[in-house]
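**Q** Pasting a structure here, questions to come.
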Amino acid sequence: MLFNSIEFLIFALSFFLLWPVFRKNNTSRWAFLTITSLFFYGWWDWRFLFLILFSGLIDFISGILLVNKPSRKRIILAVSIIANLGSLSIFKYSVFFANIVQDTFLLFGIAIDLVSKIPQFALILPVGISFYTFQSLSYTIDIYRGRLKPTKNILHFFSYLAMFPQLVAGPIVRANDFLQQLKNANIPNALQKWNAIKMICFGLFQKVVIADNLSLFIDSAYEDKTSFNGTIYWWVVSIAFSFQIYADFSGYSLIARGLAKYMGFHFKMNFNHPYLSISLRQFWTRWHISLSTWFRDYVYIPIGGSYKGIFRAVLALTITLLLSGLWHGANYTFMIWAGIHLIFLLIEKATKWNKRLSLPPLFFITIIFLQVTIAWVYFRAQNIDQANKIVTLLFSFEPSNLDFFNFYLNNILFLILAIIIECWVYLKRTKRSIIKIYNKYNLDIIAVSISVLLILFFRGEGQQFIYFQF
Amino acid sequence: MGAKNKIIASIMISLILIVVLKLTFPKPITNIEELNEFWITKTHGKGKYDIVVCGDSRIYRGFSIEALNEDLPLKYRGINLGYSSGGFSEEYLDFALSKLDTNSFCPVLVLGITPHSLTAEAFKNNAYHSYKSLGSFKIYKGSYLSFALKHFAPYKLQELIDDSKVNYMQECHSDGWIASSYLISDSTEALTSYKKTFSKYQIDNKEVDVFLSKIKDITSNGITVVAFRPPNTSVMRHLEDSISGFDERLVKQNLLGNSVIWLDFEDADFESYDGSHLHYKSAKKLSGMIGEKIHGLCR
């Protein structure tokens with residue numbers, strides 16, 4: 002069930018109609034949230050409900066055992082991690098790992114066929130598996146570390162793990178924060194409701210107006226359905242993809258946050274205008290914040306972070322980024338995407354070029370955006386060869402047939418709109434007078450109303466959210 | 528302004544903007560909700576027909592049941608089941624047969640055979656599958672909610688800014704036909720994309736054998752099968768014959784050997800607006816001509 006569908010509209014309206022009735026006491030609130038969330042997930046494919054239930058049950062029981070049997074803490078944690086990462090590996094990485102093993106054997110002249118022996122069911126990627134697995138993992142790890150007390154109520158646990166707004170594409174919420182919120186019957190006030198409506202409208206605008214209107218232009222380029230080529234063409238495609246993936250994912254997160262807010266909960270910000278970053282380090286504190294902080298807390302810092310010498314810091318950063326690449330998908334292209342970020346980050350860390358040069362912030366913003374855009378090529382490309390060809394074209398000054406501007410004008414207009422909006426946000430952040438005008442004349446009302454109009458009449462062709470595949 | 532008033536104000540302004548837009552903007556040139564309804568009804572409709580027409584986009588843009596019946600004394604119930612990049616796979620033909628009323632006095636299956644429809648790529652029938660595999664809610668939505676959703680069909684920004692750029696005209700008909708034309712025709716436009724397509728995909732002889740064997744089964748069950756190659760520009764015909772691996776003479780011979788009635792048409796009698804698909808006037812003409820032949824067979 003996609004947020005941008007009629008099914009979801011009916012589901013959400015029914016949910017919010019009944020929510021005031023069920024939110025009054027803990028048991029009914031948790032039961033209602035759990036049942037509706039599992040219904041939401043099962044709508045996509047009910048067969049995979051068992052997976053989330055299995056993963057959740059393991060962690061729920063592990064959480065209790067971690068406290069009750071402290072002498073066996075390590076074994077219990079290991080069971081939880083193996084069960085979670087095991088199911089993730091089966092569904093997400095079995096083909097990838099089988100190919101690696103096959104290729105390795107082939108190096109020694111031995112041909113084996115593992116891929117065809119993988120059971121059919123394991124070839125389907127359950128929606129949102131990476132998100133809820135990480136959320137579930139953080140629960141047991143935090144209990145193991147003594148930072149969280151386990152809940153003894155299974156409905157309480159599942160209403161945290163499966164809560165529908167963030168279930169399939171984040172933000173990855175932490176048990177530490179959210180289990181507590183779930184204990185209270187928060188009734189949102191008018192201001193919170195208004196903020197929730199703004200988030201939902203702006204999120205839908207980002208998804209259905211910006212991202213969906215860019216998709217045809219980008220898909221036809223990457224799927225080789227067009228005869229257009231050349232340096233300028235691929236720069237426009239690449240920049241368009243940077244905005245598509247941002248609008249798509251940030252849009253989803255905003256809608257999720259808005260829905261949660263309307264229920265009376267608070268999800269932390271997941272995107273903070275990452276393309277306005279003046280360093281790559283800053284970019285990673287603004288892009289998919291819930292995942293970045295997850296990796297920071299459960300991978301980067303445990304390895305040593307930046308406090309145990311330069312070698313350990315580089316090692317920690319390398320492992321963290323490569324795991325992040327692997328998290329996104331079982332393909333070498335994601336590893337290279339992460340590798341490019343790693344190289345640029347190490348250069349930035351070693352040279353501190355962005356701190357040494359005294360140039361206007363716009364210069365740094367542009368450089369960081371270009372770095373990120375080049376890395377996205379590997380993220381979007383179907384294979385490494387295609388990505389290499391595109392990156393070569395980006396820097397080879399190959400002439401382009403500029404008719405593509407005319408052919409894809411409808412799509413390119415939305416790219417221009419996306420750029421204008423980011424420029425507007427930049428101005429809002431740098432010029433106080435603009436915020437004053439914005440607040441004085443209640444321009445948020447106009448912004449919401451125009452968003453509604455654009456969502457209804459200028460939406461692109463309905464597409465699945467890109468991050469569902471992760 | 529308080530938050531509550533802001534909510535009320537934004538609802539009011541949104542409603543005003545929607546009304547203003549609906550009153551001032553023209554109808555969208557392509558209503559995707561209407562198209563959605565068209566394809567879902569075509570695929571999931573419950574009707575049974577005397578004539579079922581199969582093929583790819585040259586068929587769903589090039590064959591009108593309404594025009595077929597126009598000059599006939601007897602009216603046939605028919606449906607055009609053409610799909611984008613459709614191919615004559617066994618599954619697709621079974622689907623077509625399921626729509627055919629075998630109790631009809633003259634059940635006829637009409638096949639519009641293009642070179643592309645005999646490639647392995649076409650046999651995947653991706654467009655057909657995308658509609659066939661829709662969930663029950665989407666089918667319900669396309670069948671019963673589209674009357675309301677049609678009013679919220681999205682616009683193309685480009686069309687509003689400069690409508691001179693709009694060249695494609697198409698109109699969905701309940702018989703499965705999309706009447707199509709360009710304001711400014713370009714009979715060479717499709718050549719480049721077909722060159723590219725046939726450099727990737729060729730006629731698949733194995734699949735063609737399966738197709739022929741299926742057709743043999745169909746005709747042996749007493750169903751009349753009429754086949755033809757949709758007329759096109761001579762340049763496109765030459766291109767397809769030279770690079771697709773399609774041998775019309777052989778296909779025709781094999782089909783005739785399986786009791787299929789083959790119809791030949793002169794390309795010069797018809798007009799294509801893009802070098803691949805028939806202009807709606809030519810589509811009507813072709814349908815009328817085939818209607819006469821079918822009526823002659825059924826009389």
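So the sequence lines, in the order shown, correspond to chains W and B.
This note's numbering puts the first residue of the first sequence at 2, with every later residue one more than the last.
This note's numbering puts the first residue of the second sequence at 528, with every later residue one more than the last.
Glycine included, C-beta positions come from ideal geometry on N, C-alpha and C.
CB Phe206/W to CB Leu455/W, shorter than 9 Å?
**A** As a first step, residue 206/W is located in the first sequence; it is residue number 205 there, counting from the start. As a first step, residue 455/W is located in the first sequence; it is residue number 454 there, counting from the start. The answer is yes: Cβ separation under 9 Å.
**Q** If we count the other Cβ atoms within 10 Å of its Cβ and call it buried at 16 or more, is Phe365/W buried or exposed?
**A** Position 364 of the first sequence, counting from 1, holds the residue named residue 365/W. Phe365/W should be labelled buried.
**Q** Can you tell me where the beta strand (DSSP E) with Gln697/B in it begins and where it stops?
**A** Against the second sequence, residue 697/B aligns to sequence position 170. Note, Gln697/B: beta strand (DSSP E), Tyr695 to Cys699.
**Q** For Ser537/B and Ser450/W, which I take to be in contact (beta-carbon distance under 8 Å), what is that distance rounded to the nearest angstrom?
**A** The count along the second sequence starts at 1 and reaches residue 537/B at position 10. The count along the first sequence starts at 1 and reaches residue 450/W at position 449. Sure, about 5 Å apart at Cβ, within 8 Å.
**Q** Report the residue from Ala675/B, Val762/B and Leu777/B whose alpha carbon sits nearest the alpha carbon of Thr715/B.
**A** Position 188 of the second sequence, counted from the start, is the residue given in the question as residue 715/B. Residue Val762/B is the option with its Cα nearest to Thr715/B.
**Q** For a cutoff of 9 Å on Cβ pairs, would you count Phe405/W as touching chain B?
**A** For this step, residue 405/W is matched to residue 404 along the first sequence. Cβ-Cβ to chain B under 9 Å: no for Phe405/W.
**Q** Check the C-beta distance from Ile705/B over to Tyr587/B and give it rounded, since I have them as a contact under 8 Å.
**A** Taking the first residue of the second sequence as 1, we reach residue 705/B at position 178. Taking the first residue of the second sequence as 1, we reach residue 587/B at position 60. With 8 Å as the limit, Ile705/B and Tyr587/B qualify as a contact, their Cβ atoms being about 6 Å apart.
**Q** Who pairs with Asp605/B in a beta bridge, going by DSSP?
**A** Here residue 605/B corresponds to residue number 78 of the second sequence, with the count starting at 1. Rather than Asp, the amino acid found at residue 605/B in this sequence is Gly. Ile578/B.
**Q** Can you find at least 3 beta carbon pairs, one from the region 652-666 of chain B and one from the region 596-613 of chain B, that sit closer than 8 Å?
**A** Short answer: they touch.
**Q** Buried or exposed for Arg24/W, please, with buried defined as at least 16 other CB atoms from any protein chain shown within 10 angstroms of its CB.
**A** Position 23 of the first sequence holds residue 24/W. Classification for Arg24/W: buried.
**Q** How far does the alpha helix (DSSP H) with Leu636/B in it reach, from first residue to last?
**A** Position 109 of the second sequence, counted from the first residue, corresponds to residue 636/B. Element bounds for Leu636/B: not the alpha helix (DSSP H) but the beta strand (DSSP E), Val635 to Gly639.
**Q** Report the three-state DSSP secondary structure of Ala709/B (helix, strand or coil).
**A** Translated into positions along the second sequence, residue 709/B becomes position 182. With the sequence shown as reference, residue 709/B is identified as Tyr, and Ala is not the correct amino acid for it. Note: Tyr709/B maps to strand in three-state DSSP.
**Q** Could one say the Cβ of Trp195/W lies closer than 9 Å to chain B's Cβ atoms, at least one of them?
**A** As a working mapping, residue 195/W is identified with position 194 in the first sequence. True, the Cβ-Cβ gap to chain B drops below 9 Å.
**Q** Which ranges would you report for the alpha helix (DSSP H) in the region 289-333 of chain W if only whole runs of at least 4 residues count?
**A** 290-296 and 310-329, all fully within the region 289-333 of chain W.
**Q** Is the region 96-108 of chain W in contact with the region 139-154 of chain W, if contact means three or more CB pairs nearer than 8 Å?
**A** The answer is no - the region 139-154 of chain W does not touch the region 96-108 of chain W, with fewer than three Cβ pairs under 8 Å.
**Q** For Thr352/W, does the count of other Cβ atoms within 10 angstroms reach 16, so buried, or fall short, so exposed?
**A** Walking along the first sequence from the start, residue 352/W turns up at place 351. Classification for Thr352/W: exposed.
**Q** Assign Asp598/B to one of two classes, buried (16 or more other C-beta atoms within 10 Å of its C-beta) or exposed (fewer than that).
**A** For this step, residue 598/B is matched to residue 71 along the second sequence. By the neighbour-count rule (16 or more Cβ atoms within 10 Å), Asp598/B is not buried but exposed.
**Q** In chain B, which residues lie less than 7 Å from Glu8/W when you measure between Cβ atoms?
**A** To locate residue 8/W, count along the first sequence from 1; it is residue 7. Result: Phe664.
**Q** By the 10 Å Cβ neighbour count, where 16 or more other Cβ atoms means buried, how is His806/B classified, buried or exposed?
**A** Position 279 of the second sequence holds residue 806/B. Result: buried.
**Q** Can you give, in chain order, each stretch of the beta strand (DSSP E) that sits fully within the region 122-200 of chain W and has at least 3 residues?
**A** The qualifying runs do not exist here; there are none.
**Q** Could one say the Cβ of Ile188/W lies closer than 9 Å to chain B's Cβ atoms, at least one of them?
**A** In the first sequence, counting from the first residue as 1, residue 188/W sits at position 187. Not closer than 9 Å to any Cβ of chain B, the Cβ of Ile188/W fails to qualify, so no.
**Q** Is the CB of Ser541/B under 9 Å away from at least one CB in chain W?
**A** If you number the second sequence from 1, residue 541/B lands on position 14. True, the Cβ-Cβ gap to chain W drops below 9 Å.
**Q** On the DSSP letters alone, give me the boundaries of the alpha helix (DSSP H) that Trp789/B sits inside.
**A** Here residue 789/B refers to the residue found at position 262 of the second sequence. No alpha helix (DSSP H) holds Trp789/B; the beta strand (DSSP E) holding it covers Ile788 to Leu790.
**Q** Using the Cα positions of Lys320/W and Trp328/W, report the straight-line distance between them to the nearest angstrom.
**A** Here residue 320/W refers to the residue found at position 319 when the first sequence is read from its first residue. Here residue 328/W refers to the residue found at position 327 when the first sequence is read from its first residue. As written in the sequence, residue 320/W is Ile, which differs from the Lys given in the question. Ile320/W and Trp328/W: Cα-Cα distance of roughly 12 Å.
**Q** Just curious, the beta strand (DSSP E) that Thr751/B is in, first and last residue?
**A** As a working mapping, residue 751/B is identified with position 224 in the second sequence. Unbroken beta strand (DSSP E) run through Thr751/B: Thr751 to Phe755.
**Q** What residues match up with Ala646/B in a beta bridge as DSSP calls it?
**A** Counted from its first residue, the second sequence places residue 646/B at position 119. Just to set this straight, residue 646/B is Thr in the shown sequence, not Ala. DSSP, once it has assigned bridges, lists Ile730/B as partnering Thr646/B.
**Q** Quick check on DSSP: helix, strand or coil for Leu403/W?
**A** Reading the first sequence from its first residue, position 402 is the one you call residue 403/W. Three-state result, Leu403/W: coil.
**Q** For Lys659/B, return the contacting residues in chain W, with the cut-off set at a CB-CB distance below 8 Å.
**A** Locating residue 659/B in the second sequence gives position 132, where the first residue counts as 1. Those within 8 Å of Lys659/B in chain W number zero; the least Cβ separation is about 18 Å.
**Q** Do you know whose CA, among Phe725/B, Asn781/B and Lys554/B, lies nearest His643/B's CA?
**A** The residue you call residue 643/B lines up with position 116 of the second sequence. Ranking Phe725/B, Asn781/B and Lys554/B by Cα distance to His643/B puts Phe725/B first.
**Q** Name the residue from Ser631/B, Thr568/B, Val547/B and Leu636/B whose alpha carbon lies nearest to the alpha carbon of Thr751/B.
**A** Counting from 1 along the second sequence, the entry for residue 751/B is found at position 224. The shortest Cα separation from Thr751/B among Ser631/B, Thr568/B, Val547/B and Leu636/B belongs to Leu636/B.
**Q** Ile201/W: buried (16+ other C-beta within 10 angstroms of its C-beta) or exposed?
**A** Along the first sequence, one-based indexing puts residue 201/W at 200. Per the 10 Å Cβ criterion, buried.
**Q** Look at the alpha carbon of Leu358/W and the alpha carbon of Leu347/W, and state the distance between them as a whole number of angstroms.
**A** Translated into positions along the first sequence, residue 358/W becomes position 357. Translated into positions along the first sequence, residue 347/W becomes position 346. Going by the C-alpha atoms only, they are around 17 Å apart.
**Q** Report the start-end ranges of each alpha helix (DSSP H) in the region 544-572 of chain B that is 4 residues or longer and not cut off at the edges.
**A** Entirely contained in the region 544-572 of chain B, the alpha helix (DSSP H) runs reaching 4 residues are, in chain order, 559-571.
**Q** Along chain B, in chain order, which residues have C-beta atoms closer than 7 Å to that of Arg460/W?
**A** Looking up residue 460/W in the first sequence gives position 459. By Cβ distance, chain B contributes Pro681.
**Q** CB Pro757/B to CB Gly582/B, shorter than 9 Å?
**A** Along the second sequence, read from residue 1 onward, the residue named residue 757/B stands at position 230. Along the second sequence, read from residue 1 onward, the residue named residue 582/B stands at position 55. Yes. Within cutoff.
**Q** Looking at the C-beta of Ala212/W, does it have a partner C-beta in chain B at a distance below 9 Å?
**A** Here residue 212/W refers to the residue found at position 211 of the first sequence. Answer no: the Cβ-Cβ gap between Ala212/W and chain B never drops below 9 Å.
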